[in-house]
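Undergrad:
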């Protein structure tokens with residue numbers, strides 16, 4: 039049976055519950071709530087191990103949870119500004135409590151941080167970029183075991199892409215086929231760059247994995263990085279470059295045409311704070327390209343009906359595929375310009 043707020047508060051020792059309400063824009067598929075108690079306010083996130091049709095997910099979730107646990111614990115010990123997870127009672131999976139006889143349900147508690155995320159831009163962009171570059175450098179220097187299974191997004195072979203695009207072009211939605219074909223052109227044009235970069239890939243470190251504006255809070259005491267559950271094994275230089283370009287983007291749909299001052303500020307701060315740097319050439323954008331193409335591949339599968347997703351998710355992925363068809367070619371055209379900003 040589902041575990042309620044009172045049971046969570048009792049298990050974690052949070053005090054008596056005064057209020058329990060949904061958190062707007064809570065993460066999916068987990069359900070997130072704000073719980074106020076006599077001891078404070080808490081972010082309570084619910085999830086479950088596996089599912090009836092995908093029991094194999096449970097082992098992946100366990101591995102991921104302990105990977106996140108190691109990175110978050112090291113970051114907290116190093117004093118990186120973050121929302122601190124509350125140590126769960128046993129039995130636990132990382133920072134998740136797995137109540138006995140709860141049918142695989144999980145619950146995680148984090149201290150509430152009073153602030154607003156930066157999607158509405160309360161902090162000057164160059165100031166934010168300098169702060170984030172320094173934080174990424176500190177994360178890259180943490181002594182954390184690298185989980186090779188948490189490696190960055192997969193690179194799909196060209197033959198598989200061509201098969202998927204052929205299927206899309208045979209679908210009744212002609213626009214879907216045209217969008218898929220445009221994406222395939224980018225996959226083909228970037229294949230040699232990505233393959234060469236991966237052959238000579240520097241060592242991986244554990245990274246936050248999603249240091250976007252939505253996961254950075256402006257608080258009365260400064261900026262705070264939240265939501266570490268996308269922890270990823272990545273080349274730290276590629277991660278810094280990817281974050282610089284994303285932060286400089288004019289909107290969330292496209293990363294082309296961003297503000298060069300933001301890229302320079304983030305990369306400069308990252309280097310100044312001792313972040314491991316790499317070549318200032320096109321290979322620095324490998325993580326960015328692979329991440330976009332991996333996400334676009336998933337969207338194409340969903341749009342083609344190869345994933346058991348809701349109509350809303352199918353519509354979202356179809357829109358994302360059309361966005362990718364428009365913006366991915368611009369990313370390739372911008373590589374030379376962006377590369378000059380890394381020097």
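Residue numbers (the working numbering): 39 to 381.
Ideal Cβ positions, reconstructed from N, Cα and C, are used throughout, including at glycine.
(1) Would you identify the three-state DSSP class for residue 182, choosing helix, strand or coil?
(2) Roughly how far, in whole angstroms, is the beta-carbon of residue 301 from the beta-carbon of residue 328, given that I think they are within contact range, below 8 Å?
(3) What would DSSP say about residue 118, mapped onto helix, strand or coil?
(4) Take residue 370 as the anchor and find which of 349, 353 and 321 has the nearest alpha-carbon.
(5) DSSP three-state call for residue 239: helix, strand or coil?
(6) Compare the C-alpha of residue 241 against each of 145, 229, 277 and 253 and name the closest.
(7) Identify the residues that DSSP records as bridge partners of residue 263: which are they?
(8) Three or more C-beta pairs under 8 Å: does that hold for the region 330-346 against the region 301-314?
(9) Pairing CB atoms from the region 158-167 with CB atoms from the region 126-142, are three or more of them under 8 Å?
(10) Pop quiz: residue 103 and residue 41 are said to be a contact at Cβ under 8 Å. What is the actual Cβ separation, rounded to whole angstroms?
(11) Leaving out five residues on either side along the sequence, give the residues of the same chain with a beta carbon under 7 Å from the beta carbon of residue 107.
(12) Do you know offhand how far residue 213's Cα is from residue 324's?
(13) Can you name the residues that DSSP bridges to residue 145?
(14) If we call anything under 7 Å between Cβ atoms a contact, is residue 267 one with residue 245?
(15) Taking contact to mean at least 3 C-beta pairs separated by less than 8 Å, is the region 177-186 in contact with the region 147-161?
(16) Looking at residue 128: is its Cβ nearer than 7 Å to the Cβ of residue 86?
(17) Can you tell me whether DSSP reads residue 376 as helix, strand or coil?
(18) Would you tell me roughly how many angstroms separate the C-alpha atoms of residue 178 and residue 326, rounded to the nearest one?
(19) Tell me the rounded alpha-carbon separation between residue 293 and residue 357.
(20) With a threshold of 16 other CB atoms inside 10 Å of the CB of residue 344, please say whether the residue is buried or exposed.
(21) Express the C-alpha separation of residue 274 and residue 39 in angstroms, rounding to a whole number.
(22) Roughly how many angstroms lie between the CA atoms of residue 124 and residue 112, to the nearest whole one?
TA: Working from what's here:
(1) Sequence index remark: in the chain shown, residue 182 carries index 144 (1-based). The answer is coil: DSSP assigns residue 182 none of H, G, I, E or B.
(2) Within the chain shown, residue 301 is the residue found at index 263, counting from 1. Within the chain shown, residue 328 is the residue found at index 290, counting from 1. Not confirmed; about 19 Å, so no contact.
(3) Taking the chain shown and counting its residues from 1, one reaches residue 118 at position 80. Three-state result, residue 118: coil.
(4) Here residue 370 refers to the residue found at position 332 when the chain shown is read from its first residue. Nearest C-alpha to residue 370: 321.
(5) Mapped onto the chain shown, residue 239 falls at position 201. Residue 239: coil per DSSP, three-state reduction.
(6) Counting from 1 along the chain shown, the entry for residue 241 is found at position 203. Nearest option by C-alpha distance: 277.
(7) The sequence position of residue 263 within the chain shown is 225, counting from 1. In the DSSP assignment, residue 263 is bridged to 120 and 254.
(8) no
(9) no
(10) One-based indexing of the chain shown puts residue 103 at position 65. One-based indexing of the chain shown puts residue 41 at position 3. Wrong, their Cβ atoms sit about 17 Å apart, outside the cutoff.
(11) Here the question's residue 107 lines up with position 69 in the chain shown. Excluding residues within five positions, the ones whose Cβ falls inside 7 Å are 132 and 133.
(12) To locate residue 213, count along the chain shown from 1; it is residue 175. To locate residue 324, count along the chain shown from 1; it is residue 286. So the two alpha carbons sit approximately 28 Å from each other.
(13) For the purposes of this step, residue 145 is taken as the residue at position 107 of the chain shown. According to DSSP, which records beta bridges pairwise, residue 145 is partnered with 84 and 135.
(14) Counted from its first residue, the chain shown places residue 267 at position 229. Counted from its first residue, the chain shown places residue 245 at position 207. Against a cut-off of 7 Å, the Cβ pair of residue 245 and residue 267 comes out as no contact.
(15) Not touching, per the Cβ criterion.
(16) Position 90 of the chain shown, counting from 1, holds the residue named residue 128. Position 48 of the chain shown, counting from 1, holds the residue named residue 86. Cβ distance not < 7 Å, so residue 128 and residue 86 don't count as in contact.
(17) Position 338 of the chain shown, counting from 1, holds the residue named residue 376. Helix, per DSSP.
(18) Against the chain shown, residue 178 aligns to sequence position 140. Against the chain shown, residue 326 aligns to sequence position 288. Roughly 17 Å between the two C-alpha positions.
(19) Locating residue 293 in the chain shown gives position 255, counting from the first residue. Locating residue 357 in the chain shown gives position 319, counting from the first residue. If I take the Cα positions, the gap works out to 16 Å.
(20) Taking the first residue of the chain shown as position 1, residue 344 is located at position 306. Burial call: exposed.
(21) In the chain shown, counting from the first residue as 1, residue 39 sits at position 1. In the chain shown, counting from the first residue as 1, residue 274 sits at position 236. Residue placement at residue 39 cannot be trusted, given a pLDDT of 48 that sits under 50; what the coordinates show is reported in the next sentence. Their Cα atoms are separated by approximately 42 Å.
(22) Translated into positions along the chain shown, residue 124 becomes position 86. Translated into positions along the chain shown, residue 112 becomes position 74. Between residue 124 and residue 112, the alpha-carbon positions lie close to 14 Å from each other.
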